[in-house]
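Chemist:
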Amino acid sequence: MNKCYLGVDIGSISTKGVIIDSYNNILSSNYIWTMASPIDAVRKLISTLTIPEGYILSGIGTTGSARKLIGLMLGANVVKNEIICHAYGTLNYYPDVKTIIEIGGQDSKIILLNNGVITDYAMNTLCAAGTGAFLSSQSKRIGVDINDFGVLALKSKNPVKIAARCTVFAESDLIHKAQLGYKKEDIVAGLCKSVVLNYLNNVGKGKKLREPIVFQGGVSKNVGVVKYFNEVLNTNVIVDNNSHLMGAIGAAILSSKTPSDKEFDLNIDNISFETKGYECKGCSNNCEVVRVIKDGKLIDSFGNRCEKGSLMK
Amino acid sequence: MERVIAFPLMGNYHVPAKFLFSKISNSRILDSPTITSKTIELGSKNSPDTLCTPFKYTLGTYIECLEMGANTLIQMGGGCRYGYYYELQEKILTDLGYKFEYFNLVSMGHTDLKKIYRILKTINPKLNVIKSLYYLGITIKMVKYMDKLEDYIRQNAGYSKSNLEAEYNKMLLSFSKVKTFIGLKYNYIKYKIRIKSIKINKPKDNIKIGVIGELYTLMEPFANNNIESILESFNVEVKRFTNVTYLLFEKGRKSKRYLKKLKNIKYKMGADAMDNIYYTKYLIDNKYDGIIHIKSSFCTPEIGSMGIINKMCEENNMPVLFLSMDANTSSVGFETRLEAFYDMIEMRKRHE
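Same order as they appear, the protein sequences are chains G and E.
Counting in our numbering, the first sequence runs from 71 upward without gaps.
Counting in our numbering, the second sequence runs from 75 upward without gaps.
(1) Is ASP105 (chain E) close to chain G? Criterion is C-beta to C-beta, closer than 8 Å.
(2) Quick check: is the beta carbon of SER380 (chain G) nearer than 8 Å to any beta carbon in chain E?
(3) Between G:ALA157, G:SER178, G:GLU152 and G:GLY131, which has its C-alpha nearest ALA146 (chain G)'s C-alpha?
(4) Closest Cβ-Cβ distance between ASN268 (chain G) and chain E: below 8 Å?
(5) Nearest-angstrom Cα distance between VAL221 (chain G) and ILE90 (chain G)?
(6) Output the boundary residues of the beta strand (DSSP E) element that contains LYS369 (chain E).
(7) How would you write the range of the alpha helix (DSSP H) that LYS210 (chain G) sits in, first residue to last?
(8) Can you tell me where the beta strand (DSSP E) holding ARG361 (chain G) begins and where it ends?
(9) Give me the residue from G:VAL238, G:CYS357 and G:ARG361 with the minimum Cα distance to ASN374 (chain G).
(10) Let me confirm a value: ARG314 (chain E) is counted as buried when at least 16 other C-beta atoms fall within 10 Å, else exposed. Which label applies?
(11) Quick check on the DSSP output: the alpha helix (DSSP H) that includes ASN230 (chain E) runs from which residue to which?
(12) Can you round the beta-carbon distance between GLU324 (chain E) and GLN229 (chain E) to whole angstroms, since I take them to be within the 8 Å contact cut?
(13) Who does GLY347 (chain G) pair with in a DSSP beta bridge?
(14) What's the call for MET399 (chain E), buried or exposed, on a 16-neighbour Cβ count within 10 Å?
(15) Where does ALA91 (chain E) sit, in a helix, a strand or coil, going by DSSP?
(16) Could you give the distance in angstroms between the alpha-carbon of LYS383 (chain G) and the alpha-carbon of LYS200 (chain E)?
(17) Between the segment 109–125 of chain E and chain G, which residues of the former have a C-beta closer than 7 Å to a C-beta of the latter?
(18) Is GLN149 (chain E) helix, strand or coil by DSSP?
(19) Check the Cβ of PRO393 (chain E) against every Cβ in chain G and list those closer than 8 Å, keeping chain order.
(20) Could you give the distance in angstroms between the alpha-carbon of GLU426 (chain E) and the alpha-carbon of THR305 (chain G)?
(21) By the three-class DSSP mapping on this structure, what secondary structure does ILE341 (chain G) have?
(22) May I ask which residues mark the beginning and end of the alpha helix (DSSP H) holding GLU241 (chain G)?
(23) Could you name each continuous alpha helix (DSSP H) segment of 4 residues or more that falls completely within the segment 78–139 of chain G, going from the start of the chain to the end?
(24) Put VAL307 (chain G) into one of helix, strand or coil per three-state DSSP.
(25) What separation, rounded to the nearest whole angstrom, lies between the Cα atoms of GLY152 (chain E) and GLU376 (chain E)?
(26) To the nearest angstrom, report how far apart GLY77 (chain G) and PHE334 (chain G) are at their CA atoms.
(27) Is it buried or exposed for ARG137 (chain G), if we count other Cβ within 10 angstroms and need 16 for buried?
(28) Taking the straight line between their C-alpha atoms, what separation do you get for GLY347 (chain G) and SER307 (chain E)?
(29) According to a CB-to-CB cut-off of less than 9 Å, which residues of the segment 347–359 of chain G neighbour chain E?
(30) From the DSSP output, read off the bridge partner residues of MET399 (chain E).
(31) For SER234 (chain E), name the three-state secondary structure that DSSP assigns.
(32) Report buried or exposed for GLN249 (chain G), applying the criterion of at least 16 other Cβ atoms within 10 angstroms of its Cβ.
(33) Give the list of continuous beta strand (DSSP E) stretches no shorter than 3 residues that lie fully inside the segment 294–345 of chain E.
(34) How about the segment 262–276 of chain E and the segment 379–387 of chain E: do they share at least three Cβ pairs that are nearer than 8 Å?
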């Protein structure tokens, strides 16, 4: 029997899953929308992933903002933050990478590496400016499908200038320019450029972006943004075919590196799994404690600041 | 009317503060309610938006205390915006319609015994100077004992299965009941032995992180999302320089020495900015594995120091994480950043 490993990356917008073998080759993968319901998304995701014959699942890794919850649900042996997972995933394909640019749905990060070791990283502050969420909300406003966004941007010869610092300013700029009669493709191109400038100003500030630079996360599929990264940085950023899966691949690789005696099972259809929010009234903190219930049994709770809110006694 | 005294909270220092005032003021001391999200909500609601968070925390505590019946508030002022807290808070609280007396023991980082004597005499007309000095002595000793043990706990809590903190809290409780120097020392030694007898399983090449930054955010766990206990849960040895012992009794002397040792800085930069640059140098020289710089948003002196700290760390290949705390930082993103910082250090260490 060969061993295989599952990695799941549950982001705010999309959920990514990948199954790899012990040589880190991808056996099966999928990418679906989270739709603000990570548990349902993961159920759907798992049902589409298949383990080929002759393979046995020997590890599960989870990452992304819902990593803790889904880690409990799947019984994962590795629950790791996105930064480490993205680094491991990328190092697998580009061992000499020096800079990783990652722009996802809700947050964006920069990871600097040297000889395969992370030396520095930064994440965006708590603001959605210059992320996928901003692009998709603006695509709805303009009436362009998000999948055609990048292609349309490439047609523009004269991108409009859009304020890059803050989404609210960017949006008023955008409306203003549209009313002035600019072409749609110029506005779309301006938006793509503003994402790049926002990223470099907010996340990449004060950091040296050394080549080779790998660009990943959902936004890396947008050719318009890639074009302006190349233009502004005056280089060619690498976009892998699996750039949207890197976090999940990293989680799977980490789980393969962490030996575990647990038994892993993808058969979660007939297990009931739910979460219940509850407000602790122990003091005026009013902590929102989340109870995780698997098959009618409380298996974990989190969100409490002190012992009073602890349900796991 | 009975006088009810209240003061803001910071870390565990309400224990010595309450001890001192209950002995010398001849009035009731209110137990300030623990800081919760309601405190900071009240504070932010009534403060100018871009003020630093310590102002909002202390204002929130004052409002809660005034609601509970306090009528005498105590504040101090330091060498940055902290110097204006007293004036501004008095105005805001008066505008809110509260009736109270407000005393500032230290203004702009300077004070003298005459001024403190005058204030204390107003609070308690029957003030006995000899007795007060005696209890002041005990209080100072108490703060020094607390800081010493807290240093030990920060270094070792990550490597012990049983809870060092629980014993420490028992000691604080015993401190609040002491009456004499001997009683204080007895309790200190008793709990010191207990805490030090707890088995510590510290590996030789453990990860050591220094936390530096703005004083209030560093010292009040609620304001920094319990950064120290999160780090301890990763099995990390934490080094923190800033404590009340340093700020009140050592800063004046030591900071001049620090300034001389720094080559690229000629002047003090307000509050603890210069000290933090020195600490950065210290942490680099002593081969620590990482530095976390933490401040409240809009803290001007620390913003000044960040650029220099960043450059020093870059030159010496030292990982550094800058965190800025505001009134409502959700803890999820905070923990992700800390976890990633720890993982990065661990990865570097393994490759050395």
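Heads up, the beta-carbon is just placed ideally off N, CA and C, and yes, glycines get one too.
Model, not experiment: these values are computed from the prediction.
Modeler: So, to answer that:
(1) no
(2) no
(3) G:GLY131
(4) no
(5) 32 Å
(6) 364–370
(7) 202–212
(8) 358–364
(9) Of the residues G:VAL238, G:CYS357 and G:ARG361, the one whose Cα lies closest to the Cα of ASN374 (chain G) is G:CYS357.
(10) buried
(11) 203–230
(12) No, GLU324 (chain E) and GLN229 (chain E) are not in contact; Cβ-Cβ is about 19 Å, not under 8 Å.
(13) As DSSP reads the structure, GLY347 (chain G) sits in a beta bridge with G:VAL360.
(14) That one is buried.
(15) helix
(16) Unreliable positioning characterises LYS383 (chain G) in this predicted model, as indicated by a pLDDT of 47, which lies under 50. The coordinate reading is nonetheless provided below. Those two C-alpha atoms are separated by around 52 Å.
(17) THR110, SER111 and LYS112
(18) strand
(19) The contacting residues are THR189 and ASP190.
(20) 31 Å
(21) coil
(22) 237–250
(23) The segment 78–139 of chain G contains these whole alpha helix (DSSP H) runs: 108–118.
(24) Here VAL307 (chain G) sits in coil by DSSP.
(25) 14 Å
(26) 13 Å
(27) buried
(28) 25 Å
(29) Contact residues of the segment 347–359 of chain G toward chain E are CYS353, SER354, ASN355, ASN356 and CYS357 (C-beta to C-beta distance below 9 Å).
(30) E:SER370
(31) coil
(32) exposed
(33) 310–314
(34) no
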